[in-house]
Structures are given as structure tokens and as C-alpha cells.
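Take the sequence shown: its letter number 749 is residue 749 in full-length UniProt numbering, and every next letter is one higher.
Even for Gly, the Cβ is constructed at its ideal location relative to N, Cα and C.
The structure presented is a predicted model; accordingly, all values stated were derived computationally and were not measured.
What follows is one structure encoded as C-alpha cells, with my remarks underneath.
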Amino acid sequence: MAAMSVIGIDFGNESCYVAVARAGGIETIANDYSLRATPSCVAFSEKTRILGVAAKNQLVTNMKNTVYGFKRLLGRQYKDPFIQKDLQSLTYQTVETPSGGVGIKVNYLNEPHVFHPEQITAMLLTKLKAISEEALNTKINDCVISVPSYFTNTERKALLNAASIAGLNVLRLFNETTATALAYGIYKQDLPPPEEKPRNVVFVDCGYSSLQVSACAFHKGKLKMLACAADPDLGGHSFDVILAEHLSKDLKARYNINPMTNARAYTRLLTEVDKLKKQMSANSTKLPLNIECFMEDKDVHCDMKRADMEELCAGLFQRVEKTLRQCLEDSKLKLEDIHAVEIVGGSSRVPAIKQLIEVVFNKPASTTLNQDEAVARGCALQCAMLSPAVRVRDFAVTDIQMYPVHINWDGHDAQDQGEMEVFSKNHAAPFSKVLTLYKKESFNLKAFYPPNSVPYPDPRIGEYCIKNIKPTAQGGTQKVKLKIRINIHGIVSVSSASLIEQIKGSAEPMDVEVNEEEHKEKEQPAQETTQEQQQPPEANANSQDAQPNGPAEDDDAEKKEKKRKTVKSVDLPIEEFLPGFSSSEVSSFFEAEGQMMAADRQEKDRVDARNSLEEYVYELRGKLSEELSAYVVEKDRSSLVEQLDQMENWLYEEGEECVKQVYMDKLGSLRSIGDAIYQRKMEYEARPKALEELSVAIQLAFKNLEQYKAREDKLKNLDPATVEKSEQNIRNLHHWCEEKRAILSATPLHQNPPVSVAEILAEKEKAVSEIKLLSTMPKVAPEPAKQQPPPETIARVDAR
């Protein structure tokens, strides 16, 4: 069913949620453990990969080969100081790749492997895809995946590459803040109409690894993101680390053990601290923390209350307040203009964060939305809107680009070089702008984030070489139009370049642009707008003279000259130099993922075959001494039990690592013996009912025969041979039934019965067919009554 394939994925740092758009609304899909949340964990073993819940469950026992927290590594450089800080808290090994990225080193199939974060992400996405396909019983192709609003161009491209490796077609990378707003607004029936003031709502999303605060304006049928502020390094994990460090000092002083020096102990401590933190959200009293056999076989105990936690994490709460106030400032909203403040994300349940929200916005935090599933639901809604297979209520979404974007370009001299801001902070997206430059030769253009505008040291977006530009015949400059675009994924690029040639006296106009603004709008999706930046050849790039939609020439003489010219647009080739993987590298990763999936399936089939053999051995051996004992002679039973014991020993010794076919062959040989015993039991248990059904059918046939004979003398044109044959058939069936009943009664249970239940039921069908034959015999036809003359006529005849 096409509608079933419309899914939204909330890709979180700690766990993921998948929601699906159905006819009845939005539903969150449960995984193979009947849980809605699937941990963002990928583990590796000697034989296979372990994904999701199973990977998280074996984290403590397989720490070096269990990968988590990889969302924060996407598209980042190994030497990035933010990455280096994160890597210190991870238990698996990382290396720098030849391209300068992060490589994750694990032992897989008894060999060392280095995977990129994009590959690890793709592995998790294949698991989410498989969960969805199993739950919905259909193939999944199209999806919408959530992305933090603070992700840069490179990080967004890395996530798209991961989805491609997983075989997913991403209709949109949807900002988590916007997904939350969509999930909130689409079901609101009381939103103001477009002519009235909008309903302004602030959303605070504090998750496991980051804090995002956004302001949104709602009208009936549409939402517009106003501003977004984020702290990418402030989330539930930040609180856990501070509390774990504090408790480690306490344990060192009291028990003389230091969990900070033992990765396994520290991981267990973080898990217990997370539970304690959640308990403190609901209780202000002192709460205990007990861990058995924590380190050096010591059981440890400590306690903490909410006030202690708030004091330890005071610095984090200050950062929360700063982010809240930053969003309020950027949105340019007054406190009285804000309708509500909605909270989502697991860490927003911390009471101190709720108090800060009330202090900053002068309103209590509201919990209208499902705090864990709101983002996935919003993504599923957006996927349904973008998919032609599903009908959804019209709801327009205007997103924003969180960071300002600048470009600069080179030239043959200093005057020909320049720099400008193309998109400002919190600019609407998707969006396209057209920039006009005057050039006489090929040139390079760089797109980047201005210094200190992004929380990372690498501000690069990409470099572009615009080629095939030559001076005019008079040696002058040529008019070059560049379209710079933020696409639906929030990725900035130079999407096209064209050379505008003006030819006098041409009899046949070519590609005339009457209204460039209108021409550009036709090229864009409905959500996108275009805006032209005209740059006169003598103007400096930083000049304020460049105005949107401003004409380059506007005096009457030039307008008349323009009418006599024909405009010809020539597409220019663009050579891109972008950070991240090339398409060929992504293709090779896709092939590698396919091979690993095939290996996983092969290993799963092998393990399933082994488990089936093991299960059959245990089941048959257990039943041979109980319910199956009567159906096999003692000598054969003892021999079979011994054979099963030998099979069990083989399974745990030399049969541990055999291929699938070996297990299937051994299972087949056991079944040839065991199934015969099971069959005798099943025959014995089903036989009385089958014989009873046969007897009832024969009796009913005899009854129908007697009824038929009772009216036989009244029937005409009937074949006596048919009646005689039917009677003989019924008597034969009765004789067969009695004979077989006697034989079966004398047959021992450990012998195969001479007559099967299937044969008895086949004889029953013969009796039923005789009943149908007798029931369809023609009935007695009534004799027609003799016609009498009217009484008056009789009277007249007598009188004569």
C-alpha cells in the first residue's frame, strides 16, 4: 500500500523514533523489542553486526566494538577541538582518516575495520528501515529525516550521504525545531486567519546532547519560523557527566576506587546517574544510588537530592538561560505577544529548566506535545505532504537558515574582487537569490560562514569555479548571473551560472528574458522565491548600493536601446570543490553496506538453522520420556535418545560454526525419525473424531435412502439401477468403516496405523456425496385435477 511507505525518522544522538502517516493519523512504530525508541547504537562481533536495542544491551560487555554518539561526528574533522573533546568520553577507538575526518576503528569478522560516521549512521538507518518494512509489511523508499537546526552545510550533506548508503530516498532533511512546530500546529483548529495577528509559540527542545529554542508564528494553514537559537553541546548528557564526576570523587574518598580510570565502571555509573537524574525530576527528597559489584568486587552506595544537582549544574543552567534569551531577542517578539512555550525532549523535564522558561518568557512551560515523539511525528507529516500518495490538510511551512552565509569572488585585479552577505541569519528557506557580476574571464567563488557565526572552527561551505567566460569583442566585461540557493534540505550551493549575451540586429530572438524575476520563479518549487542582486561593474561588493530587484540601467535611452537587443543566455559549467565524500565514494560505501547486509542475513539464516536443530533436539528428547513414550518401543526410544544426546554434544563442540546446510541436513535426518513418532500420536488423537464423522455420515445416508424408498412407488420415470447402486455404495462404506475400526483397535500405538485419518475423511466425503445424490432425486409430481362443467350447465342438461 503506497500510503504505508510515508515515514518520518527522528534521528537522535541517544535514540531514534520512526512515525508513519496512515489514513487514521500519525502512528509511532514499535521495533522488534516492542519499544518505540531504538537506541542509536551499532555494535560489531566476530560474525555479524548488532543494531539498535541489542547493541545497547551488550555495550558493557563489548565496549570497544560498540559505537554510539556518532551523530555528533558526522561531517566533522578529526582535529576539530569540539570533536577531540567528545572523543575523550567515547569507549571505542577512533583514528584520523586520510581526508582528515573521523575514522571509527572496530574489530569486525575477526579483522580490524575503519568506518566513517556516515557508514555507521547508514547501518542504523538500515535497521530503522527494516523495522518499518516489517511493521508496515511494505517496502520503504521515501522518508523525511530530522536534523538539528544548528547543523552546517557539511553535516547536512553527510547525513544525506548516510541515507543514500542505506538506500533511502530523503524527500527532506527537516529541522527538528520545524518538525516540532508542524506537529503542534497542524492539528490546531483555532489558529487565527491570515489577516489577523499570528499566534506566536516558542518551542524549547532539550534532548540528550543539545538544546534548541525556536520561535514560530502560526496562522490558519501555515507556520513561519521566526528565529532559532541553539547550544549544540548542552543536553542531558552534559548533566550526567557533571553528576558522574562529582560521584566519582565521592566514591574515591569513601571506597578508594576511581570510576574515571575504568571505562566499564564509568559507563555503568553514567547509566545509573541518568536514572537518578530522572528520579530527581519527580522527587525533591534525597535519593539513593546503589551499584553492586561496581569495581574491585565492591558494592557502592551514595545519595543525592535535587538541590545538590542544581548547585553542581549551575553553569549549565546559565547557558540554558542565555540560549532562551538569545531566541527571544532574535525573534523580536514581546513577551505579551507570545501565546505559549511548549517543551519537548527528554531533558526538558528537569524542573530547573521549566523554572528558567517561566522566568525568561513569563509563562509556565506547556506540555501539549509528546515530548519524545513530537519530532518523528512532524517528520511523518512533512513526508506525507511531500508524497503524492497521501492526501494531507494543506499546511504551508516556511523554514529558516540559522547561520548567515557570505560569498567572495576573485578577479584579475583588486577592483574586480569582492565579498557580500547572501543570506542573513534566520533567513527564510528554501530560497534562491540571483547575483549579477560582470566578468571577462573564469573566476572562483567561495561560500562560507562568517567568523564566529557557527560553533565550529571550520566555516567552509564550498568553492566553485565558474568557467568559459571570455571578454567581449571590444575587450569588455560580460554579464554573469549566479543563482545561489538554500534547498529544501537547508544546504547552500551555487546551483547555476549563466552568461547573458546581448546581440544587436538579430532577426530571430533566442531565449528572451522579458521579466527575469518571473522567469526565475518558474524554475523554483512553489515554496521558493527568487531575489536578484545586481552588481554594477564599477561597484564594490561591500557597497550598500546593490538593491533587490534593482535594474542595472534605468534611463530612457538605455531602455530604448534594450528593446533593439536580443538577450541570449548561455549556461556556464561550474566545477565544485566541496568538503565531504564524492558520489563515487558514496557508491562504494553503498556496495559495501549491501555486502554487509548480505553477510548479516547469511549469518542470521545460519544461526536460525542451528537454533532450529537445537530446539528440535530438546523438544523431541523431552517428549520421548513423556507424551511420546507410548508411540515408540523402548529399544527404539533409547536409541533415539542416545542419538539426540550425541547431536547436542556435537552442537556445542565441532558443530558450533557449521554452515546452514549442515544444520538443515542433520535436522532433516532427525525429523525423518521423530516426525514419524509425532505422526502416530497425531493420528491416534485425531482418529476417534474422524471415525465418528464417518459413522454419522453413513447413518444420515441410510436415513435418506429409507425416506427415498418410502416414496419410490409414487415416482415415475426413475432408474431403479441408480437407487440400487447408491444403496450398495452406502452398505460398502458401512462395512469398510466397521472393518477398519476393528483393525485399528488391534494395532499397537507404536506401529504406523494401517489406515490414516486422511483416508477415513476421504470415505466420509463419499458418504456425503451419496447424501447429496439422494437429496437431489425428483419429487412426486401432483396429478392435474379433472375439469368440471359449471353447475348451471349441468342443470340444463338434466332438464332436457
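Residue i, buried or exposed, once every other Cβ within 10 Å from all chains shown has been counted against 16
| i | result |
| --- | --- |
| THR261 | exposed |
| HIS237 | buried |
| MET682 | exposed |
| GLU508 | The pLDDT assigned to GLU508 is 37, lower than 50, so where the model puts this residue is not dependable, and the model offers no usable value. |
| ASP636 | exposed |
| GLY622 | exposed |
| GLY25 | exposed |
| PRO525 | Confidence is the limiting factor: at PRO525 the pLDDT is only 36, short of 50, which leaves the residue's position unreliable, though a coordinate-based value still follows. So PRO525 ends up on the exposed side. |
| ASN137 | exposed |
| GLU653 | exposed |
| LYS277 | buried |
| ALA23 | exposed |
| GLN535 | Interpretation of GLN535 is limited by its pLDDT of 40, a score under 50 that renders its predicted location unreliable; no figure is taken from the coordinates. |
| PHE577 | exposed |
| LEU35 | exposed |
| ASP511 | Unreliable placement is indicated for ASP511, whose pLDDT of 31 sits below 50; no coordinate value is reported for it. |
From the options, residue whose alpha carbon lies closest to that of residue i
| i | options | result |
| --- | --- | --- |
| VAL480 | GLU463, LYS467, ILE500 | ILE500 |
| SER40 | TYR68, CYS216, ASP32, LYS64 | TYR68 |
| ALA697 | PRO579, LYS772, GLY185, LYS129 | LYS772 |
| SER495 | ASP233, LEU128, GLY462, VAL617 | GLY462 |
| TYR464 | ASP410, TYR456, GLN502, ASP416 | ASP410 |
| ASN175 | TYR708, GLU195, SER284, PRO148 | PRO148 |
Cβ pair residue i, residue j closer than 8 Å
| i | j | result |
| --- | --- | --- |
| ALA179 | SER132 | no |
| MET647 | LEU624 | no |
| VAL102 | LEU73 | yes |
| ILE165 | PHE443 | no |
| LEU211 | ALA183 | no |
| VAL397 | LEU226 | no |
| VAL204 | VAL213 | yes |
| THR28 | LEU128 | no |
| THR48 | LEU59 | no |
| PHE11 | LYS56 | no |
| PRO7 | ILE186 | Reading off the sequence shown, one finds Ile at residue 7, where the question assumed Pro. Taking 8 Å as the Cβ cut-off, ILE7 and ILE186 do not qualify as a contacting pair. |
| CYS143 | THR177 | no |
| PRO457 | LYS425 | no |
| ARG680 | VAL757 | no |
| ILE291 | GLU272 | yes |
| ILE407 | MET420 | yes |
| PRO232 | PRO455 | yes |
| LYS440 | ILE484 | no |
| PRO430 | ASN487 | yes |
| LYS305 | LEU287 | yes |
For residue i, the three-state DSSP class (helix, strand or coil)
| i | result |
| --- | --- |
| HIS246 | helix |
| ILE120 | helix |
| VAL53 | helix |
| ASN611 | helix |
| VAL359 | helix |
| ILE291 | strand |
| GLY100 | coil |
| SER498 | strand |
| ASP233 | coil |
| ILE484 | strand |
| ASP416 | helix |
| TYR33 | coil |
| ARG460 | strand |
| ASP399 | strand |
| HIS750 | coil |
| CYS206 | strand |
| ASP86 | helix |
| ASN729 | helix |
Below-8 Å beta-carbon distance, residue i vs any chain D residue
| i | result |
| --- | --- |
| ILE488 | Structure shown: chain D not included; a single protein chain is present. |
Check: residue i C-beta below 7 Å from any heavy atom of the ligand ATP
| i | result |
| --- | --- |
| GLU634 | For the structure depicted, the ligand ATP is absent and the ligand set is empty, with no information on it obtainable. |
At least three beta-carbon pairs within less than 8 Å, the segment 632–644 to the segment 587–600: no
Touch check for the segment 686–700 and the segment 734–742: three-plus C-beta pairs under 8 Å? yes
When the Cβ atoms of the segment 330–349 are set against those of the segment 292–304, are three or more pairs found closer than 8 Å? no
Report yes or no: do three or more beta-carbon pairs, one from the segment 15–34 and one from the segment 151–159, lie closer than 8 Å? no
Segment contact flag, the segment 599–617 with the segment 649–662, C-beta cutoff 8 Å, min 3 pairs: yes
Does the segment 361–375 touch the segment 341–352, meaning 3 or more C-beta pairs lie closer than 8 Å? yes
Whether or not the segment 73–85 and the segment 103–122 are in contact is what I'm after, with contact meaning three or more pairs of Cβ atoms, one per stretch, closer than 8 Å; do they touch? yes
Please confirm if the segment 347–356 is in contact with the segment 309–317, defined as three or more CB-CB distances below 8 Å between the two stretches. yes
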